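>
2 protein chains.
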Amino acid sequence: MRIRILWPGKTHNRDIENLQQFYLERINQMEKCELIQTKTAKGISEKFAQRIMDIEAADLEKHFKNDYIICLFDEGKEMNSFEFARFLKSIPSSSARAITFIVGGFLGLEERILKRADALLSLSQMTFSHELIRIMLLEQIYRSLMIIQGRQYVK
Amino acid sequence: MRIRILWPGKTHNRDIENLQQFYLERINQMEKCELIQTKTAKGISEKFAQRIMDIEAADLEKHFKNDYIICLFDEGKEMNSFEFARFLKSIPSSSARAITFIVGGFLGLEERILKRADALLSLSQMTFSHELIRIMLLEQIYRSLMIIQGRQYVK
Chain A
43 MRIRILWPGK THNRDIENLQ QFYLERINQM EKCELIQTKT AKGISEKFAQ RIMDIEAADL
103 EKHFKNDYII CLFDEGKEMN SFEFARFLKS IPSSSARAIT FIVGGFLGLE ERILKRADAL
163 LSLSQMTFSH ELIRIMLLEQ IYRSLMIIQG RQYVK
Chain B
43 MRIRILWPGK THNRDIENLQ QFYLERINQM EKCELIQTKT AKGISEKFAQ RIMDIEAADL
103 EKHFKNDYII CLFDEGKEMN SFEFARFLKS IPSSSARAIT FIVGGFLGLE ERILKRADAL
163 LSLSQMTFSH ELIRIMLLEQ IYRSLMIIQG RQYVK
């Protein structure tokens, strides 16, 4: 399995950044997983939300080619951790075609990125900050790999 | 509104502990919120899960009296953040009767604590580590108070 994770911009909260590294290291002990923090639109007022999302989408698009794309989206499909593990295992991936997760910035993802996705996933009915959701996704990828490999993971 | 949060044992992960403080401080700027880390069962093998949960339940019970109790439980009710804010706002609370959230330890909550609860809440269909779920709950309480007060909260 080859996993890639894309999101616009670096994580600003230091503690969340540390947790990000913590889970990325653990995931990489099991499967190759690369995090790419793509470009954000700088110096544009939040009033121009569409323009910001456009700019972010353009840089995201440079990074995924023909990958199998899973976008985090609040109206996406909800699964429990076992269903998510089964789903992940069922996706054919290769060194040429990664499974790529895309997480939106603080404004969410532009329409055309959502349309391009092979799957839309929701981690919760609740809304979480776009930095906290990064950790939730990483923890869930880690957990699902542990489930796939039949290993015990302390709750 | 008076909020109390109970869970057995201190948070071991330093970054999660920092985030916990971060959200607790912000919540306390809006409503009184107290975190009580109750006793854990020490030196007992995980084979004796029921005994561990019994010991943890006994100490949890010392702390909630006639409070309105919301237990986090994977088969509990799911809500989106706005529904959660509306729900929280609808609970009558006073200095004598707090709204008390209870989060289980790594084995979950003992049956009698769940039976005593006034509401069972699930943050996600997915399973998260019992330390990560602490942050998710705090972030959601913070977000719901911002919603109740009609304030903007950066996504």
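Read top to bottom, the protein sequences are chains A and B. Per our numbering, the first sequence runs over residues 43 to 197. Per our numbering, the second sequence runs over residues 43 to 197. Glycine included, each C-beta is placed from N, C-alpha and C at the ideal position. None of these values were measured; they are calculated from a predicted model.
So for D109 (chain B), helix, strand or coil by DSSP?
Here D109 (chain B) sits in coil by DSSP.
> If I follow the unbroken beta strand (DSSP E) through A26 (chain B), where does it start and stop?
An answer regarding residue 26 (chain B) cannot be provided, because it is not within the stretch 43 to 197 covered by chain B.
> Excluding the five sequence neighbours on either side, which residues of its own chain have a C-beta within less than 7 angstroms of the C-beta of R210 (chain A), listed in chain order?
Chain A is shown from 43 up to 197; residue 210 (chain A) falls before or after that span and cannot be answered.
> What does DSSP give as the partner residues of R46 (chain B) in its beta bridges?
Answer is B:E76 and B:T142.
> State yes or no: is the beta carbon of L61 (chain B) nearer than 8 angstroms to at least one beta carbon in chain A?
True, the Cβ-Cβ gap to chain A drops below 8 angstroms.
> Spell out whether any CB of chain B is found under 8 angstroms from the CB atom of L174 (chain A).
Answer yes: the Cβ-Cβ gap between L174 (chain A) and chain B drops below 8 angstroms somewhere.
> Which residues in chain A have a C-beta closer than 8 angstroms to the C-beta of L165 (chain B)? List them in chain order.
Per Cβ cutoff of 8 angstroms: S166 and M168.
> Step through the CB atoms of chain A and report whether any lies within less than 8 angstroms of the CB of Q182 (chain B).
Yes, Q182 (chain B) lies at the interface with chain A (some Cβ there is under 8 angstroms from its Cβ).
> Interface residues of chain A around D57 (chain B) at Cβ under 7 angstroms?
The contacting residues are D57, N60 and L61.
> Between which two residues does the alpha helix (DSSP H) carrying K131 (chain A) extend?
Note, K131 (chain A): alpha helix (DSSP H), S123 to S132.
> Out of curiosity, what's the CA-to-CA distance linking F143 (chain A) and D96 (chain B)?
Distance between the alpha carbons of F143 (chain A) and D96 (chain B): 41 angstroms.
> Step through the CB atoms of chain A and report whether any lies within less than 8 angstroms of the CB of M188 (chain B).
It does not; no Cβ of chain A falls within 8 angstroms.
> Do the region 53-69 of chain A and the region 160-174 of chain A make contact, defined as three or more Cβ pairs closer than 8 angstroms?
Enough Cβ pairs lie closer than 8 angstroms, so yes.
> Using a Cβ-Cβ cutoff of less than 7 angstroms, which residues in the same chain neighbour T82 (chain B) once the five nearest sequence positions on both sides are dropped?
Closer than 7 angstroms at the Cβ level, and outside the excluded window around T82 (chain B), lie P50, G51, E98 and G147.
> The alpha helix (DSSP H) spanning Q191 (chain A) covers which residue range?
Here Q191 (chain A) belongs to no alpha helix (DSSP H), and DSSP marks it neither H nor E.
> Determine the chain A residues that contact F126 (chain B) at a beta-carbon separation under 8 angstroms, and present them in chain order.
Result: M168.
> How should D160 (chain A) be labelled, buried or exposed, when 16 other C-beta atoms within 10 angstroms of its C-beta is the threshold for buried?
Exposed: under 16 other Cβ atoms inside 10 Å.
> For L179 (chain B), which residues from the same chain have a beta carbon less than 7 angstroms from its beta carbon, with the 5 sequence-adjacent residues on both sides left out?
Excluding positions up to five away in sequence, the list reads L114, F143, V145 and L165.
> Roughly how many whole angstroms lie between the Cα atoms of S199 (chain B) and Y110 (chain B)?
The requested residue 199 (chain B) is not part of the displayed model; chain B covers only 43 to 197.
> Find out if the Cβ-Cβ distance for the pair K119 (chain B), L162 (chain B) is shorter than 8 angstroms.
Yes, the Cβ-Cβ distance between K119 (chain B) and L162 (chain B) is below 8 angstroms.
> Starting from T64 (chain A), follow the alpha helix (DSSP H) in both directions and report where the run begins and ends.
For clarity, residue 64 (chain A) is Phe in the given sequence; the question names Thr instead. Taken as a continuous stretch (DSSP letters only), the alpha helix (DSSP H) holding F64 (chain A) covers R56 to N70.
> Determine, using beta carbons only, whether I141 (chain B) and M72 (chain B) come nearer to each other than 8 angstroms.
Contact flag unset, no.
> Roughly how far, in whole angstroms, is the beta-carbon of I69 (chain B) from the beta-carbon of R46 (chain B), given that I think they are within contact range, below 8 angstroms?
Between R46 (chain B) and I69 (chain B) the Cβ distance is about 11 angstroms, and since that is not below 8 angstroms, they are no contact.
> Pull up the DSSP beta-bridge partners for F179 (chain A), would you.
In the sequence on display, residue 179 (chain A) carries Leu and not Phe. For L179 (chain A), which the question treats as bridged, DSSP gives no partner whatsoever.
> Quick one: what does DSSP say L102 (chain A) is sitting in, helix, strand or coil?
Residue state, collapsed to three classes: helix.
> Whole angstroms are fine: how far does the CA of D101 (chain A) sit from the CA of A91 (chain A)?
So the two alpha carbons sit approximately 16 angstroms from each other.
> Per DSSP, what are the beta-bridge partners of K119 (chain A) in this structure?
A:L163.
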